[in-house]
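**Q**
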Amino acid sequence: MGLTIRQKADRIGTFRFISVYLMETLARWVPTTPELEAKVLFGRHVWDFAQHADQLGRRTGELRAAAQYSLRPAAGYFKVLEAVASAPGTLERVAGFYDGFLPDLERRYRGYLAETDQLNDEPSVRIIERILFDLPRLKGDRIAFAAQRADLKPLDAGWATRIAALAAAEREFVTDRSPARTSAAV
Amino acid sequence: MTDSTAAPSRLDPALFGEGPARDDRFTVVDVWAEMVNLPDGHRDKQREFFHRQMNEEACVMENAARSLAEFPDADWRVRKGLARQCADEARHVLSYRRLLEARGGHLGQYPVMNFQYRILGRIDSLVGRLAIQNRSFEADGLDAATYARDEARQAGDHELADMYDAQQADEVCHIRLGNDLVRDQMAKAPRTAMVIARALTQAARAFARIFAGGGTEVEKYGIAVDARLEAGFSPEEVEAAVRMSDARRAAVRERATGGGVHG
Chain A
0 MGLTIRQKAD RIGTFRFISV YLMETLARWV PTTPELEAKV LFGRHVWDFA QHADQLGRRT
60 GELRAAAQYS LRPAAGYFKV LEAVASAPGT LERVAGFYDG FLPDLERRYR GYLAETDQLN
120 DEPSVRIIER ILFDLPRLKG DRIAFAAQRA DLKPLDAGWA TRIAALAAAE REFVTDRSPA
180 RTSAAV
Chain B
0 MTDSTAAPSR LDPALFGEGP ARDDRFTVVD VWAEMVNLPD GHRDKQREFF HRQMNEEACV
60 MENAARSLAE FPDADWRVRK GLARQCADEA RHVLSYRRLL EARGGHLGQY PVMNFQYRIL
120 GRIDSLVGRL AIQNRSFEAD GLDAATYARD EARQAGDHEL ADMYDAQQAD EVCHIRLGND
180 LVRDQMAKAP RTAMVIARAL TQAARAFARI FAGGGTEVEK YGIAVDARLE AGFSPEEVEA
240 AVRMSDARRA AVRERATGGG VHG
């Protein structure tokens, strides 16, 4: 059996929650990170995650959930998001976010594409394909930042690896709602 | 993270919040009089302006980002608008930096001040912040960019004129975001007018302290009437802005020619 409409809405709503969380994390870092190049990197990508959240949120409205419906991820995965946001220095913020966390998120988007029916769920597929199209550009900007500020030294050289490991350890990231109620059991 | 904002500020904490983080390439000062204020025609005037403006754009980016983080329950359309503004201002930082470096300047060459960020740090409502940042500061920036674009075009500096042209279009969207929110909130709760008035009064007091000693003695540009209308100001609001601007510029001219009290 494939994903039900409710399960699809919950997955898309969870991706939306993650996008909003990432947008807010970058937004918090813009004024609190000293290096201008990092501020600009984060500031530009705030809009990317806002657009992802918006497109996903439009889709939840088509999947019989509310428009712009967000579903908080499973507790373990939420802790990973909090860990990303708690980075102690500029390079940990950059590396944890772009090298540690985003590749895992990309895998989860690809996982959804593999799991869902490409025809029945085509609108979701198109939105996720567009998001996946954006992610290499974000990574490219991150690489350009590293070249621009090669003078910066990490406080914790293992930070990104640990974020990646934390994320990989959380297999389940969606907390599905109960099935919709009906008046008689089938 | 290296941060040059650790030096104590002499500004009134009731009017000014903490500054944004700046790395140690920057010298951060509090007020206009501590900046490098070069006369028109000085050979470094343009570079200093690019440097100053680059930092102002950074402050506006930081303001949009902070509001996005601090008002998670705001309407999604407004949050999306703030996210867009944040990215636009980031591009503006890059544009000014590109011009600065292409014309022989470098980051940290001149002092900077972060008054826009610090003033908004003491405004506790989103509508108040957008009334100040988007409807006042950005609207003034729109007037300035419109004049500067035409001036650069006339001088044959098309690279600069093109940048102002692009930024003007962005500013129109940012101002419209502020105007839309103010109208929406006023329709829902007329008391919002009081919140906005209080925020604007507080910002005006703070602004006067920053620019004491001559920082507002500018009479070059007037109101960009069509651009302001496009940005969602009503014809009556634009008319009032024109009247105030004309009066202010006349007073500046009078002082400059020795007819004023400071003559």
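If you read the sequences in order, they're chains A and B.
With numbering that gives the first Met the number 0 as the guide, the letters of the first sequence map in order to residues 0 to 185.
With numbering that gives the first Met the number 0 as the guide, the letters of the second sequence map in order to residues 0 to 262.
We put the beta carbon where it would ideally sit given N, CA and C, even for glycine.
Nothing here was measured: the structure is a model prediction, and the numbers come from that model.
(1) State yes or no: is the C-beta of B:Arg83 within less than 7 Å of the C-beta of A:Trp46?
(2) Count the CB pairs spanning the segment 109-129 of chain B and the segment 71-81 of chain A that are closer than 8 Å, and state whether there are at least three.
(3) Taking just the CA atoms, how far does A:Phe144 sit from A:Thr162?
(4) Measure the alpha-carbon distance for B:Thr215 versus A:Asp98 and round it to whole angstroms.
(5) Mapping DSSP to helix, strand and coil, what is B:Val194?
(6) By alpha-carbon positions, which one of B:Met185, B:Val77, B:Lys219 and B:Phe25 ends up nearest to B:Asp107?
(7) Please name the residue, chosen from B:Tyr163, B:Glu55 and B:Glu253, that lies closest to B:Tyr146 on a Cα-to-Cα basis.
(8) Taking Cβ to Cβ, would you say B:Leu180 is nearer than 7 Å to B:Val126?
(9) Determine the contact status of A:Ile4 and A:Leu62, defining contact as a CB-CB distance below 7 Å.
(10) Leaving out five residues on either side along the sequence, give the residues of the same chain with a beta carbon under 6 Å from the beta carbon of B:Gly259.
(11) Answer yes if the segment 84-100 of chain A comes into contact with the segment 136-150 of chain A, meaning at least three C-beta pairs across the two stretches below 8 Å, and no otherwise.
(12) Where do the N-terminal and C-terminal ends of the alpha helix (DSSP H) with B:Arg31 fall, by residue?
(13) Along the segment 53-65 of chain B, where does the CB come closer than 7 Å to a CB of chain C? Name the residues.
(14) Taking 7 Å as the threshold (C-beta atoms), are B:Arg152 and B:Ala160 in contact?
(15) With a cut-off of 7 Å, does the C-beta of A:Ala26 fall near any C-beta of chain B?
(16) Quick one: what does DSSP say B:Val260 is sitting in, helix, strand or coil?
(17) Check distances from the C-beta atoms of the segment 28-40 of chain A to those of chain B and list, in chain order, the residues that come in under 7 Å.
(18) B:Ala52: buried (16+ other C-beta within 10 angstroms of its C-beta) or exposed?
(19) Out of B:Arg9, B:Gln184, B:His91 and B:Arg21, which has the shortest C-alpha to C-alpha gap to B:Glu170?
(20) If I measure Cβ to Cβ from B:Val237 and keep anything under 7 Å in the same chain, skipping five residues before and after, which residues do I get?
(21) Name the chain A residues that come within less than 7 Å of B:Ala20, Cβ to Cβ?
(22) Using the rule of at least 16 other Cβ atoms within 10 Å of the residue's Cβ for burial, across every protein chain shown, is B:Ser233 buried or exposed?
(23) For a test of the three-state rule: what should DSSP assign to A:Met0, helix, strand or coil?
(24) Does chain B have any CB closer than 7 Å to the CB of A:Trp158?
**A** According to the structure data:
(1) The answer is yes: Cβ separation under 7 Å.
(2) Segments in contact, no.
(3) One detail in the question is off: residue 162 of chain A reads as Ile in this sequence, not Thr. Taking the straight line from one Cα to the other gives about 20 Å.
(4) Answer to the nearest angstrom: the Cα atoms are 47 Å apart.
(5) Reduced to three states, the DSSP call for B:Val194 is helix.
(6) Checking the sequence, you will find Gly at residue 107 of chain B rather than Asp. Taking each of B:Met185, B:Val77, B:Lys219 and B:Phe25 in turn and checking the Cα distance to B:Gly107, the smallest one comes out for B:Phe25.
(7) Checked all of B:Tyr163, B:Glu55 and B:Glu253; the closest Cα to B:Tyr146 is B:Tyr163.
(8) Yes. Within cutoff.
(9) Yes.
(10) Residue placement at B:Gly259 is flagged as unreliable, the pLDDT there being 47, under the threshold of 50; a coordinate-derived value is accordingly withheld.
(11) By the Cβ criterion, the segment 136-150 of chain A is in contact with the segment 84-100 of chain A, since at least three pairs of Cβ atoms, one from each stretch, lie closer than 8 Å.
(12) Checking the sequence shown, residue 31 of chain B turns out to be Trp, not Arg. Looking at the DSSP string, B:Trp31 is not in any alpha helix (DSSP H), and its letter there is neither H nor E.
(13) No chain C appears in the structure shown, which is made up of the protein chains A and B.
(14) Cβ distance < 7 Å, so B:Ala160 and B:Arg152 count as in contact.
(15) Chain B contact via Cβ: present.
(16) Reliability fails at B:Val260, whose pLDDT of 45 lies under 50, so the model's placement of it is uncertain and no value is given.
(17) Answer set for the segment 28-40 of chain A: Val29, Pro30, Thr31, Thr32, Pro33, Glu34, Leu35, Lys38 and Val39.
(18) It should be pointed out that residue 52 of chain B corresponds to Gln in this sequence rather than to Ala. By the neighbour-count criterion, in which 16 or more other beta carbons inside 10 Å mark a residue as buried, B:Gln52 falls on the buried side.
(19) Closest by C-alpha distance to B:Glu170, out of B:Arg9, B:Gln184, B:His91 and B:Arg21, is B:His91.
(20) So the list reads Ile222, Val224, Arg227 and Leu228, once near-sequence residues are dropped.
(21) Those are Pro30, Thr31, Thr32 and Pro33, listed as they occur along chain A.
(22) Taking every protein chain shown into account, the CB of B:Ser233 has fewer than 16 other CB atoms within 10 angstroms, so this residue is exposed.
(23) The answer is coil: DSSP assigns A:Met0 none of H, G, I, E or B.
(24) Interface annotation, A:Trp158: not in contact with chain B, CB-CB separation never under 7 Å.
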